[in-house]
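Data first, discussion second: the structure below is written as structure tokens.
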Amino acid sequence: MKRLAIVGAGGHGRVIADAAQCSGWQAIDFYDDAWPGTGPHAGPWPIAGDTSLLFAQFDNYQGVIVGIGNNPTRAAVQQRLIDAGASLASVVHPAAVVSRNAQLGAGCAVFAQAVVNVGARIGDGAILNTGCIIEHDCLIEDFVHIGPNAGLGGGVHIGQQSWVGIGASINHLIHIGRNSIIGSGATVIRDIPDAMVAVGTPARARPA
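So, in structure tokens, the structure goes:
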């Protein structure tokens with residue numbers, strides 16, 4: 038039986054579980070450090086305990102993924118899992134389209150109707166949310182979150198732990214720095230430095 042462990046039993050984790058179930062994972066268990074206060078289940082899936090219990094039984098799972106939406110937290114938890122010897126999995130919904138000529142890092146989540154085109158490189162722990170478009174030759178660094186229906190033109194570069202909001206549009210060849218936030222519906226037509234918030238059409242940046 039193909040078993041997956043998900044760290045984090047919130048909404049994002051449940052979407053990962055649903056995508057995993059659709060893509061052939063036969064048994065899915067959650068682990069959450071708020072347990073037992075979380076209750077026994079996250080939707081239809083059991084919460085087996087906190088992360089200390091998971092660390093004692095990696096051999097029971099063919100893969101582990103972090104189901105936490107916050108970028109810095111996800112990065113820290115994934116590093117703990119790596120250090121402890123976990124086998125990281127990426128989950129790709131069967132209704133997503135990922136080019137066989139794209140690269141997908143460890144611990145990524147790619148949801149339904151997302152498109153990743155040829156030559157795109159996706160870093161570790163990235164979230165490509167429902168319906169987003171990652172065009173050819175984009176570089177998405179580690180622990181980036183691309184929101185639902187966001188669109189990235191060809192050759193866009195997104196720095197580590199940045200977040201692109203729902204429905205944002207980023208013109209081709211734009212560079213977004215690390216730890217930056219692109220607001221929902223923003224239209225980005227010029228580069229955005231590190232640690233900035235960019236909102237509006239066209240997007241204007243200010244320090245985060």
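The sequence shown begins at 38 in this note's numbering and counts up by one.
Backbone N, C-alpha and C fix where the C-beta goes; we use that ideal spot for every residue, glycine too.
Keep in mind that this is a model prediction, so the values were computed, not measured.
Query raised in the report: Curious, which full-length beta strand (DSSP E) runs of at least 3 residues does the segment 98 to 148 contain?
Result: Under the rule that a run must span 3 or more residues, the beta strand (DSSP E) segments found entirely inside the segment 98 to 148 read 100 to 103.
Query raised in the report: Would DSSP call V52 helix, strand or coil?
Result: helix
Query raised in the report: CA-CA distance, A54 and Q99?
Result: 14 Å
Query raised in the report: Under a three-way DSSP split, which group does F95 fall into?
Result: helix
Query - V44: first and last residue of the uninterrupted beta strand (DSSP E) it sits in - result: R40 to V44
**Report entry** Residue(s) in a DSSP beta bridge with P83
**Finding:** Beta-bridge pairing links P83 to H78.
Query raised in the report: Near A139, which residues of its chain fall below 6 Å by C-beta distance, leaving aside the five closest residues on each side in sequence?
Result: V153 and A157
**Report entry** Residue range of the beta strand (DSSP E) that includes A240
**Finding:** Taken as a continuous stretch (DSSP letters only), A240 belongs to no beta strand (DSSP E), as it is neither H nor E.
Query raised in the report: For N97, which residues of its own chain have a beta-carbon under 7 Å away from its beta-carbon, when the five flanking residues on both sides are left out?
Result: R40
Report task. Just confirm the distance between the C-beta atoms of G184 and I203, as a whole number of angstroms; I'd bet it's less than 8 Å. Result -> 4 Å
Query - the segment 224 to 244 contacting the segment 127 to 146, beta-carbon criterion three pairs below 8 Å - result: no
Query raised in the report: In whole angstroms, what separates the C-alpha of V201 from that of N216?
Result: 11 Å
Report task. Identify every residue that forms a DSSP beta bridge with S206. Result -> G188 and T224
**Report entry** Pair within 8 Å by beta-carbon distance, A240 and I219
**Finding:** yes
**Report entry** Bounding residues of the beta strand (DSSP E) (the contiguous stretch that carries I246)
**Finding:** This structure gives no information on residue 246, because the portion of the chain shown stretches from 38 to 245.
**Report entry** Residue nearest to C169 in terms of C-alpha spacing, selected from A151, I84, G106 and A85
**Finding:** Here the closest residue by C-alpha is A151.
**Report entry** Spatially closest choice to A126 from S199, G222, G61 and I226, by CA coordinates
**Finding:** G61
Requested in this report: Just the C-alpha distance for A187 and T167, rounded to the nearest angstrom, thanks.
Outcome: For A187 and T167, the distance between alpha carbons rounds to 9 Å.
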